[in-house]
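The structure appears right after this line, and notes come after that.
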Amino acid sequence: MILNALLSPEFFNAALRATTPILFATLASAVASKSGIINMALEGIMLFSALFGVLFSAAFQSAWLGLFVTMILGGFIGFVLAFFVLKLKTDEILAAIAINLIATGGTVFLMLTVSGDRGVSSSIKSLQLPRVALPLIENIPFLGEIISNQNILTYISLIMVVVVHIFLYKTPLGLRIRAVGENKDAAESVGISSQKIQFTALIISGLLAAMGGFFLSGGYMTYFTKDMSAGRGFIALAASTMGGNTPIGGFLVSLLFGAAQAFSNIMQMGASLPYELVQMLPYATTLIGLGIYSYSLMKKRHRLSGK
Amino acid sequence: MNSNTKFNILRTLLSVGIALLISFILILLTSHEPVKAVVKLLTGPLESTRRFGNVIEAMIPLIFTGVGVSIMFSANQINLAGEGSFHIGGLVATVIALNTTLPAGISPIVCILLAGIAGSLVTAIPAVLKIKTESDILVSSLMMNYLILYFSNYILSYFIKDPSAGSVVSYAVPEMTQFSTIFAGTRIHIGLFIAIVVALLGYVFLYKTKLGYELRVTGENQDFARYSGINVLKITLISSLLGGFVIGLGGGVEILGMYSRFSWTSLLGYGWDAIIITTLAKKNPLYVPFAAFFLAYLRTGASIMSRSTDVATEIVIITQGLIILLVVAEQFLSKYKHKMIAKEAKATLGNVKEVE
């Protein structure tokens, strides 16, 4: 029965849906990591963005405008992180933890102040981005059912994989970001301002994470709930690391996590295994995957240095 | 006291002050009764013995997590699995208390020791992964917390759940295994003494033993430590085991002292609280109780405030974040620091001249 469910197009469809927020955050992490900064504030940016999405799509009565403002604010949080790390020489992990804490408290506080809701934004009339049926593709058997009829942000996330790849590897700014991440001093010596580049990278990282956060409350769900990012920012950090901080690698790994998430959703309904154990799946996958990936990397490094 | 220490203390106090000020402004902007809210936040815990008792009760687990994280951070092990260690500590203490029949005096000791061991395993897994595969301890420790949460939920619902209770909670821990209260009118339990002893031992370990010294050297500069013949891998493992043990101990103490049943079905955030305590205490276990008292006071005040006014307790989480940001921002007030150092240097020069 489980096998049938796993091979059904519905499963793959759900997996792609679950991948979307993680994918955005993974791309966000990749851009930041390439510039040499670990963006652990992804979790907080996503959480803030999930609330902003609800608030601003309701305020403007336009999901697109809501997304736009959310992205700007996400970029701003990226800027704040960069400001503390680069200008005030704050430890990047501690600064990120602080931002995540402010997000945990701030979102509840803000929601309560704006709408009087505690926990769930049920009284805010927010809007979602639409699901789109792809003409022609939807008629392809099996594949059509998987790919078509997804939220438009899911398609955007897939396009962003290509965009971020091109950005990092084919544009001058992308080259600079990678140069600064590889060797700050070398980059400085050829006239690149490493601070400016890292600021830019973290702002872009914030923009991307904000899209993932928006999807949580404006696509995946239709409302904001307290702590709804649920560690996805951290999973993305792991996914990006496992994917070698490349957009394509990160995409493949986040697909794996999306599948694990969708699998745990199916299993919860099937109830042939304890629900709680199934919930461990995405995290266990990450932990084991990370171990295997790092191990192979280490072996490779040792082999190279041995010669 | 040299100008550096003086400056550090000053900056920490100022950071806390500014963070509080920003929070007050937030209250002012959003509340209909801001003055009452701020007064309740600041003086609420002093209103009665019971409320001040709440502060001390809340301080106990924070001391354990603060000391544990201080030990790991002193070795520069950014291991964030403390959250999971605390959680599993509570679970293991409950399971042992429910399933063993030991003499009254020994039972709680066995419970919390096993809780500590379970806690140390949780933080050791990312450390072992780091040693064996060179994988990032930060990421793997974050994953551990969620694994532990769902694992605990599983054990709770399938093995120790009390079906006659209204909500998802375990069977009640036998009375004789629970800690007794030490002050009438409060729920302050003997865990307080254990916490203070742990903080003192943590200090002695880090600052008065060879191993503690090696640990701090490794934290300061790993390459230097390696060249001086310190086994860095051993330090990585020991700091994680010890830190996790202390935090797990705290989880066990919390269950036996404050709860009669295991009821944690979501992450409690003690791991993140420990970060702010460690930051305020500058990774020194000796200062941890003070930082823990401060945070516990703020928490208790906030909870009193939210019960009597329209301001949500979550405001304190924002304050916490702001404090971390300001305290660890090295360049914050750095101009002032330069002035202070320059002044001191001049004064010393002046003295030298006078002597001549």
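Here the protein sequences come in this chain order: A and B. With UniProt numbering applied, the first sequence has no gaps in its numbers, which climb one by one up to 307 at the end. With UniProt numbering applied, the second sequence has no gaps in its numbers, which climb one by one up to 356 at the end. Note that the Cβ used here is the ideal one computed from N, Cα and C, for glycine as well.
Distance check for residue j and residue i, CA to CA, integer angstroms please.
{"i": "A:PHE142", "j": "A:THR19", "result": "19 Å"}
{"i": "B:ILE22", "j": "B:ASN145", "result": "31 Å"}
{"i": "A:ILE214", "j": "A:ALA63", "result": "Looking at the sequence shown, residue 214 of chain A is not Ile but Phe. About 10 Å."}
{"i": "B:THR209", "j": "B:VAL95", "result": "35 Å"}
{"i": "A:VAL108", "j": "A:LYS226", "result": "6 Å"}
{"i": "A:GLY289", "j": "B:SER74", "result": "29 Å"}
{"i": "A:VAL180", "j": "A:PRO172", "result": "12 Å"}
{"i": "B:ILE18", "j": "A:ALA58", "result": "33 Å"}
{"i": "A:GLU145", "j": "A:GLU10", "result": "7 Å"}
{"i": "A:LEU88", "j": "A:ALA95", "result": "10 Å"}
{"i": "A:ILE192", "j": "A:GLY36", "result": "14 Å"}
{"i": "B:SER239", "j": "B:ARG226", "result": "16 Å"}
{"i": "B:GLY269", "j": "A:ILE72", "result": "29 Å"}
{"i": "B:ALA312", "j": "B:GLU330", "result": "31 Å"}
{"i": "B:ASN231", "j": "B:LEU211", "result": "11 Å"}
{"i": "B:SER48", "j": "B:ASN99", "result": "38 Å"}
{"i": "A:ILE140", "j": "B:THR133", "result": "44 Å"}
{"i": "B:GLY149", "j": "A:SER189", "result": "According to the sequence shown, residue 149 of chain B is Leu rather than Gly. Rounded to whole angstroms, B:LEU149 to A:SER189 spans 48 Å at the Cα level."}
{"i": "B:LEU256", "j": "A:PHE68", "result": "50 Å"}
{"i": "B:GLY219", "j": "A:SER33", "result": "23 Å"}
{"i": "B:SER266", "j": "B:LEU91", "result": "12 Å"}
{"i": "residue 395 of chain B", "j": "B:ILE71", "result": "Residue 395 of chain B falls outside the range modelled here, since chain B spans only 1 to 356, and no answer is possible."}
{"i": "A:PHE251", "j": "A:VAL163", "result": "12 Å"}
State buried or exposed for residue i, treating a residue as buried only when at least 16 other CB atoms are found within 10 Å of its CB.
{"i": "A:ALA133", "result": "exposed"}
{"i": "A:GLY185", "result": "Note on residue identity: the sequence assigns Asp, not Gly, to residue 185 of chain A. Exposed is the call here."}
{"i": "B:LEU62", "result": "buried"}
{"i": "B:LEU28", "result": "exposed"}
{"i": "B:ILE275", "result": "buried"}
{"i": "B:THR278", "result": "buried"}
{"i": "A:GLN128", "result": "buried"}
{"i": "B:THR43", "result": "exposed"}
{"i": "B:TYR158", "result": "exposed"}
{"i": "A:SER148", "result": "buried"}
{"i": "A:ARG118", "result": "exposed"}
{"i": "A:HIS302", "result": "exposed"}
{"i": "B:GLU314", "result": "buried"}
{"i": "A:TYR169", "result": "exposed"}
{"i": "A:ARG17", "result": "buried"}
{"i": "A:GLU182", "result": "exposed"}
{"i": "B:THR300", "result": "buried"}
{"i": "B:ARG307", "result": "exposed"}
Apart from the five residues on each side of it in sequence, which residues of its chain come closer than 6 Å, Cβ to Cβ, to residue i?
{"i": "A:PHE199", "result": "ALA82"}
{"i": "A:PHE76", "result": "none"}
{"i": "B:ALA292", "result": "MET59, LEU62, ILE63, GLY66 and ILE277"}
{"i": "A:PHE167", "result": "GLY174"}
{"i": "B:VAL327", "result": "THR12, SER15 and THR279"}
{"i": "A:LEU207", "result": "MET71, GLY74 and GLY75"}
{"i": "A:ILE204", "result": "VAL31"}
{"i": "A:ILE97", "result": "none"}
{"i": "B:SER141", "result": "ASN79, LEU80, ALA81 and PRO126"}
Residues in its own chain within less than 8 Å of residue i by CB, not counting five upstream and five downstream?
{"i": "B:PHE224", "result": "VAL217"}
{"i": "A:ALA187", "result": "ARG176, ALA179, VAL180, SER194 and ILE197"}
{"i": "A:THR285", "result": "LEU256, PHE257 and ALA260"}
{"i": "A:MET221", "result": "MET228"}
List the residues that DSSP assigns as beta-bridge partners of residue i.
{"i": "A:ASN151", "result": "A:ARG131"}
{"i": "A:VAL120", "result": "A:THR225"}
{"i": "B:THR181", "result": "B:HIS189"}
{"i": "B:LYS161", "result": "B:SER170"}
Closer than 7 Å by C-beta to residue i: which residues in its own chain qualify, once you throw out the five before and the five after it? Chain order, please.
{"i": "A:ASN100", "result": "ALA41, GLU43 and GLY44"}
{"i": "B:MET305", "result": "ALA37, LYS40, LEU41, GLY44 and VAL311"}
By the 7 Å beta-carbon criterion, what residues does the region 220-247 of chain B contribute toward chain A? Result list empty, no residue passes.
Closer than 8 Å between beta carbons: that is the criterion. Which residues of the region 69-102 of chain A meet it against chain B? PHE84, LYS87, LEU88, LYS89, THR90, ASP91, ILE93, LEU94, ALA95, ILE97, ALA98, ILE99, ASN100, LEU101 and ILE102
For the region 221-247 of chain A, which residues have a beta carbon sitting closer than 7 Å to at least one beta carbon of chain B? For the region 221-247 of chain A, the beta-carbon criterion of a distance under 7 Å to any beta-carbon of chain B is satisfied by GLY231, PHE234, LEU237, ALA238 and THR241.
Can you list, in chain order, the residues of the region 13-24 of chain A whose Cβ is nearer than 7 Å to any Cβ on chain B? none
Contact set between the region 270-285 of chain A and chain B, restricted to residues whose Cβ is under 7 Å from the partner: PRO274, GLU276, LEU277, GLN279, MET280, TYR283 and ALA284
Going along the region 294-318 of chain B in order, which residues come within less than 8 Å of chain A, judged by CB to CB distance? ALA312, GLU314, ILE315, VAL316, ILE317 and ILE318
Interface positions of the region 111-127 of chain A facing chain B (Cβ-Cβ less than 8 Å), listed along the chain: LEU112, THR113 and ARG118
Interfacial residues, the region 12-34 of chain B to chain A, with Cβ spacing under 7 Å: THR30
Pull out every residue of the region 264-290 of chain B whose Cβ sits closer than 7 Å to any Cβ of chain A, in chain order. TRP272, ILE275 and THR279
Chain B contacts made by the region 246-264 of chain A, where a contact means CB separation under 9 Å: Sequence-ordered contacts of the region 246-264 of chain A with chain B are nonexistent [C-beta pairs closer than 9 Å].
Got a sec: which bits of the region 33-50 of chain A sit with their beta carbon under 8 Å from any beta carbon on chain B, in order along the chain? ILE38 and MET40
May I ask you to list, following chain order, the residues of the region 150-180 of chain A that have a beta carbon less than 8 Å from some beta carbon of chain B? Within the region 150-180 of chain A, no residue has a Cβ that lies closer than 8 Å to any Cβ of chain B.
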